[in-house]
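> Okay, here's the structure, questions in a sec.
2 protein chains.
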Amino acid sequence: MDPPFTRLVADLPATVPFVGPEALERRTGRPFQLRLGANESLFGPSPHAAEAMRAAVEHVALYGDPENAALRSELARAHGVALENVMVASGIDDLLGLAVRAFLEPGVAAVTSLGAYPTFNYHVDGYGGHLERVSYRQDRNDLEALAAAAHRVQARLVYLANPDNPTGTWQSARDLRTFVDRLPSDCLVLLDEAYVDFAPPDAIPAIDATDPRVLHLRTFSKAHGMAGARIGYAIGPAPTIAAFDKIRLHYGVNSIAQEGALASLADPAHIQRVVAAVAEGRREYEELARSLGLSTLPSAANFVAIDVGEAAQARALLTSLEEHGVFVRMPNAPPLDRCIRVTVAPPTQRSAFAAILRAIWPTVLSRQYPEV
Amino acid sequence: MDPPFTRLVADLPATVPFVGPEALERRTGRPFQLRLGANESLFGPSPHAAEAMRAAVEHVALYGDPENAALRSELARAHGVALENVMVASGIDDLLGLAVRAFLEPGVAAVTSLGAYPTFNYHVDGYGGHLERVSYRQDRNDLEALAAAAHRVQARLVYLANPDNPTGTWQSARDLRTFVDRLPSDCLVLLDEAYVDFAPPDAIPAIDATDPRVLHLRTFSKAHGMAGARIGYAIGPAPTIAAFDKIRLHYGVNSIAQEGALASLADPAHIQRVVAAVAEGRREYEELARSLGLSTLPSAANFVAIDVGEAAQARALLTSLEEHGVFVRMPNAPPLDRCIRVTVAPPTQRSAFAAILRAIWPTVLSRQYPEV
Numbered sequence: 031m032d033p034p035f036t037r038l039v040a041d042l043p044a045t046v047p048f049v050g051p052e053a054l055e056r057r058t059g060r061p062f063q064l065r066l067g068a069n070e071s072l073f074g075p076s077p078h079a080a081e082a083m084r085a086a087v088e089h090v091a092l093y094g095d096p097e098n099a100a101l102r103s104e105l106a107r108a109h110g111v112a113l114e115n116v117m118v119a120s121g122i123d124d125l126l127g128l129a130v131r132a133f134l135e136p137g138v139a140a141v142t143s144l145g146a147y148p149t150f151n152y153h154v155d156g157y158g159g160h161l162e163r164v165s166y167r168q169d170r171n172d173l174e175a176l177a178a179a180a181h182r183v184q185a186r187l188v189y190l191a192n193p194d195n196p197t198g199t200w201q202s203a204r205d206l207r208t209f210v211d212r213l214p215s216d217c218l219v220l221l222d223e224a225y226v227d228f229a230p231p232d233a234i235p236a237i238d239a240t241d242p243r244v245l246h247l248r249t250f251s252k253a254h255g256m257a258g259a260r261i262g263y264a265i266g267p268a269p270t271i272a273a274f275d276k277i278r279l280h281y282g283v284n285s286i287a288q289e290g291a292l293a294s295l296a297d298p299a300h301i302q303r304v305v306a307a308v309a310e311g312r313r314e315y316e317e318l319a320r321s322l323g324l325s326t327l328p329s330a331a332n333f334v335a336i337d338v339g340e341a342a343q344a345r346a347l348l349t350s351l352e353e354h355g356v357f358v359r360m361p362n363a364p365p366l367d368r369c370i371r372v373t374v375a376p377p378t379q380r381s382a383f384a385a386i387l388r389a390i391w392p393t394v395l396s397r398q399y400p401e402v
Numbered sequence: 031m032d033p034p035f036t037r038l039v040a041d042l043p044a045t046v047p048f049v050g051p052e053a054l055e056r057r058t059g060r061p062f063q064l065r066l067g068a069n070e071s072l073f074g075p076s077p078h079a080a081e082a083m084r085a086a087v088e089h090v091a092l093y094g095d096p097e098n099a100a101l102r103s104e105l106a107r108a109h110g111v112a113l114e115n116v117m118v119a120s121g122i123d124d125l126l127g128l129a130v131r132a133f134l135e136p137g138v139a140a141v142t143s144l145g146a147y148p149t150f151n152y153h154v155d156g157y158g159g160h161l162e163r164v165s166y167r168q169d170r171n172d173l174e175a176l177a178a179a180a181h182r183v184q185a186r187l188v189y190l191a192n193p194d195n196p197t198g199t200w201q202s203a204r205d206l207r208t209f210v211d212r213l214p215s216d217c218l219v220l221l222d223e224a225y226v227d228f229a230p231p232d233a234i235p236a237i238d239a240t241d242p243r244v245l246h247l248r249t250f251s252k253a254h255g256m257a258g259a260r261i262g263y264a265i266g267p268a269p270t271i272a273a274f275d276k277i278r279l280h281y282g283v284n285s286i287a288q289e290g291a292l293a294s295l296a297d298p299a300h301i302q303r304v305v306a307a308v309a310e311g312r313r314e315y316e317e318l319a320r321s322l323g324l325s326t327l328p329s330a331a332n333f334v335a336i337d338v339g340e341a342a343q344a345r346a347l348l349t350s351l352e353e354h355g356v357f358v359r360m361p362n363a364p365p366l367d368r369c370i371r372v373t374v375a376p377p378t379q380r381s382a383f384a385a386i387l388r389a390i391w392p393t394v395l396s397r398q399y400p401e402v
């Protein structure tokens, strides 16, 4: 008899949160010319961060500090919290896994929006939780419906991205506060702030690390331009951070990433430049869409969701873009699956994307699509 | 009411597998001058790997391939197995966690040696498994007793490091085969081969990826000199690799690490040089110990366990070394805790260690120690 898997793992479907662009390239045999599907910062990391990472290779034979003390100290200082309120991990994905493992007994419910970040769902499934999905409303997370669902299913976790992915829309800090107050008192909000650097000030809730109901999740993968480094952090109540410390992979974070993150924090001017350049690029995408008779969703992130009108048409556009060497993604559930999501790139790549989109859109538009 | 943790996580003690040297430095306020406690390769990575990592910073804004296809292909080729038999992860620690999660229902048993790698124990505790510890016998893993324990407690997992850590001793491939045959048929051996590059050929079992009873765990942290990069891999039966794929962190491995690992695999001459240099250093440590009237455990790894005779004396020696700026570790359980474990360093650092050891040993030896 072969060693048997746990019941939970045996019953899981063979699935991945995302099929990477490399896998798509291997399938088709065609490399992508434009990589606009993963909201990577094509403006790159801070030159200081890049230099720090190159220099850190000198010490790669040594394990990194498992307590990530230097980086956590700097993050604590920057956010005005204590060291015990900060945890560094291998990106927000890692932190979502820890949160699900720490809070979700098998069968217990978590709430998210239908079509939101798949990796949270992956972890909930992976630990045997029940996932309750709430439809977007007018292309925004429906805070009232999310809170109602949390009460209905007695959720322990609610996932919410602000600014949101894949729409780019956002909620005000005030509305978020009201939302948290409406939730069951034993429910934790996993507030995914991956795109927070791109958000308007009034969409950034103040961090209160004494509030046991909110865990802020941040990353160096977006505005900081370090997606490949796999480093992110959580800020939240000390007991939650301490619980994660009992189950996390203590030596999980690459030492080069730690050095890069520290250097990136010390170069806020780079982030400001990226944010400004992204804002300009968003406007350009909006104009491009409008010029083709399409609308866009409002975005406070480094991507724009272009409203193609219908799911079949969006799917056809995505396929045609792929055939023309452009990697983009689309939301995986209605009503958002009428959109494609395009990462804001620097001007040259935007022009190349615009040329391809202008060339293929009439053909995509002119075809007949069966109802989905 | 605060959001409650799962029962399992709430009941876990606040513990870490290892306190890092950085944490010890922060406690004492004294930086270590010699870092000989974590079996890092102080001979460094391949210059080609270092160059590949520096070059990879150029693309750090992009997520790495979540399927790690390039590296897995090369590993599959090198080990004569199929792609479906290889998984890349953030070091062996990560893979041990996946194995425990995939195979160990809460309350089900795993077997290990008393004083073996603490991170395996950490994961078993973390997922609520029962840990059965078997004493070392003559400073080697007691294969008969491990197999007997596996039957007695109906273990699903057995952890075994070969060459062993923290002793450095090893088993022959033939004895390992007999051991696997003696285990319950539904029991998986997690064969930690972190130090395999340093082992004599007859201690390296052939890899048979069709054997459902053995998972080989390897790392770039030791002979490859890339501990800070956090990258390792498993080779084993396809169903086990597929099960891990359902629960692993898909974007967990740093892209710079992936490039470094690929370049390191392409430079076997570097590994040969490191292995030869380590063998020379082991002999020097053995002579050093002998000159002080101490013996050493036979080692096929990049460290030597020096037998200090008694636990209290070993503890006193470790403390005195720390006070003199030397970071070493000692096994945490009898009978091994009469030893200190010293990483083999290049000649200059070995000389510095020898000078300090010669200077402090008479004092440590002359003191009286209470029985422990």
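Quick mapping for you: the protein sequence lines, in order, are chains E and F. Going by the numbering used here, the residue at position 89 of the first sequence is 119; the numbering climbs one at a time, nothing skipped. Going by the numbering used here, the residue at position 170 of the second sequence is 200; the numbering climbs one at a time, nothing skipped. Ideal placement from N, C-alpha and C gives every residue a C-beta, glycine not left out.
(1) For Y263 of chain E, name the three-state secondary structure that DSSP assigns.
(2) Report the option in E:E223, E:H254, E:A296, E:A229 whose CA atom is closest to the CA atom of V244 of chain E.
(3) Taking 8 Å as the CB-CB cut-off, is M117 of chain F touching chain E?
(4) According to the neighbour-count rule (16 or more other Cβ atoms, all chains shown, within 10 Å of its Cβ), is S76 of chain E buried or exposed?
(5) For R397 of chain F, which of helix, strand or coil comes out of DSSP?
(6) Around the Cβ of P193 of chain F, are there at least 16 other Cβ atoms within 10 angstroms (buried) or fewer (exposed)?
(7) Residues of the region 150-169 of chain F with a CB closer than 7 Å to any CB of chain E: list them in chain order, please.
(8) If the cut-off is 8 Å on Cβ atoms, which residues from the region 274-290 of chain F count as contacting chain E, listed in chain order?
(9) Anything in chain E within Cβ reach of F133 of chain F, meaning under 7 Å, just list it in chain order.
(10) Mapping the DSSP letters down to three states, classify D275 of chain F as helix, strand or coil.
(11) Can you give me, in chain order, the residues of the region 218-241 of chain F that have a beta carbon less than 7 Å from any beta carbon in chain E?
(12) Under the rule that 16 or more other beta-carbon atoms within 10 Å means buried, what is Q201 of chain E, buried or exposed?
(13) Scan the region 38-67 of chain E for residues whose Cβ lies nearer than 9 Å to a Cβ of chain F and list them as they occur along the chain.
(14) Compute the Euclidean distance between the alpha carbons of D169 of chain E and G67 of chain E, then round it to the nearest angstrom.
(15) Between which two residues does the alpha helix (DSSP H) harbouring R102 of chain F extend?
(16) By DSSP, does H300 of chain F sit in helix, in strand, or in coil?
(17) Out of F:Q343, F:A375, F:F357, which one is the CA nearest neighbour of S396 of chain F?
(18) Determine, for R186 of chain E, whether the minimum Cβ-Cβ distance to residues of chain F falls below 8 Å.
(19) Check for me: the beta strand (DSSP E) holding A140 of chain F runs from which residue to which?
(20) Tell me which same chain residues have a C-beta within less than 6 Å of the C-beta of S329 of chain F, skipping the five on either side of it?
(21) Cα-Cα, which of E:R380, E:A129, E:N115, E:V188 is closest to L318 of chain E?
(22) Are the beta-carbon atoms of P148 of chain E and H280 of chain F separated by less than 8 Å?
(23) Looking only at its own chain, which residues have a Cβ that is under 8 Å from the Cβ of S215 of chain E, when we skip the five neighbours before and after it?
(24) For a cutoff of 8 Å on Cβ pairs, would you count H89 of chain E as touching chain F?
(25) Hey, does M256 of chain F have any beta-carbon neighbour from chain E nearer than 8 Å?
(26) With 8 Å as the threshold, decide whether the Cβ of M360 of chain E is near any Cβ in chain F.
(27) Am I right that V118 of chain E and Y263 of chain E are in contact with their C-beta atoms under 8 Å? What's the rounded C-beta distance?
(28) Roughly how many angstroms lie between the CA atoms of P196 of chain E and E70 of chain F, to the nearest whole one?
(29) With a cut-off of 8 Å, does the C-beta of D205 of chain F fall near any C-beta of chain E?
(30) Taking just the CA atoms, how far does E88 of chain E sit from N151 of chain E?
(31) Less than 8 Å between the C-beta atoms of N187 of chain E and F133 of chain E, yes or no?
(32) Taking DSSP's pairing of strands, which residues face D337 of chain F in a bridge?
(33) Identify, in the order they occur along the chain, each residue of the same chain with its Cβ nearer than 7 Å to the Cβ of H181 of chain E, setting aside the five sequence neighbours on each side.
(34) How about R56 of chain E and G355 of chain E: do their beta carbons lie closer than 8 Å?
(35) Please name the residue or residues paired with D211 of chain F in a DSSP beta bridge.
(36) Going by DSSP, name the residue or residues bridged to M31 of chain E.
On the basis of the supplied data:
(1) Correct three-state label for Y263 of chain E: strand.
(2) With respect to the C-alpha of V244 of chain E, the residue from E:E223, E:H254, E:A296, E:A229 having the closest C-alpha is E:E223.
(3) No, because no Cβ of chain E sits closer than 8 Å to the Cβ of M117 of chain F.
(4) Answer is buried; the Cβ neighbour count reaches 16.
(5) Shown here, R397 of chain F sits in coil according to DSSP, grouped into three states, outside any helix or strand.
(6) Classification for P193 of chain F: buried.
(7) The residues in question are G156.
(8) Within the region 274-290 of chain F, the residues whose Cβ lies closer than 8 Å to any Cβ of chain E are, in chain order, D275, K276, I277, L279, H280, Y281, G282, V283, N284, S285, I286, A287, G290.
(9) Here the neighbours are P33, F35, T36.
(10) If DSSP states are grouped into helix, strand and coil, D275 of chain F belongs with the helices.
(11) Sequence-ordered contacts of the region 218-241 of chain F with chain E read L218 [C-beta pairs closer than 7 Å].
(12) Burial is judged here by how many other beta carbons sit within 10 angstroms of a residue's own beta carbon; Q201 of chain E has at least 16 and is buried.
(13) Result list: L38, V39, A40, L42, P43, A44, T45, V46, P47, F48, V49, G50, P51, E52, A53, R56, R65.
(14) About 19 Å.
(15) R102 of chain F -> alpha helix (DSSP H) spans 99-109.
(16) Helix at H300 of chain F.
(17) Checking every option, the nearest Cα to that of S396 of chain F belongs to F:Q343.
(18) So yes, R186 of chain E belongs to the interface.
(19) Start and end: 139-143.
(20) Excluding positions up to five away in sequence, the list reads G198, R312.
(21) Comparing Cα-Cα distances from L318 of chain E to each of E:R380, E:A129, E:N115, E:V188, the minimum goes to E:R380.
(22) No. Outside cutoff.
(23) R243, listed in sequence order.
(24) Yes, because at least one Cβ of chain F sits closer than 8 Å to the Cβ of H89 of chain E.
(25) Yes, because at least one Cβ of chain E sits closer than 8 Å to the Cβ of M256 of chain F.
(26) No, M360 of chain E lies away from the interface with chain F (no Cβ there is under 8 Å from its Cβ).
(27) About 5 Å; that satisfies the 8 Å criterion.
(28) When rounded, the separation of the alpha-carbon atoms in P196 of chain E and E70 of chain F is 42 Å.
(29) It does not; no Cβ of chain E falls within 8 Å.
(30) Answer to the nearest angstrom: the Cα atoms are 38 Å apart.
(31) Rather than Asn, the amino acid found at residue 187 of chain E in this sequence is Leu. Yes, the Cβ-Cβ distance between L187 of chain E and F133 of chain E is below 8 Å.
(32) F:S325, F:C369.
(33) Cβ neighbours of H181 of chain E beyond the five flanking positions: P214.
(34) R56 of chain E is not a Cβ neighbour of G355 of chain E, given a cutoff of 8 Å.
(35) In the DSSP assignment, D211 of chain F is bridged to no other residue.
(36) Its beta-bridge partners do not exist; DSSP assigns none.
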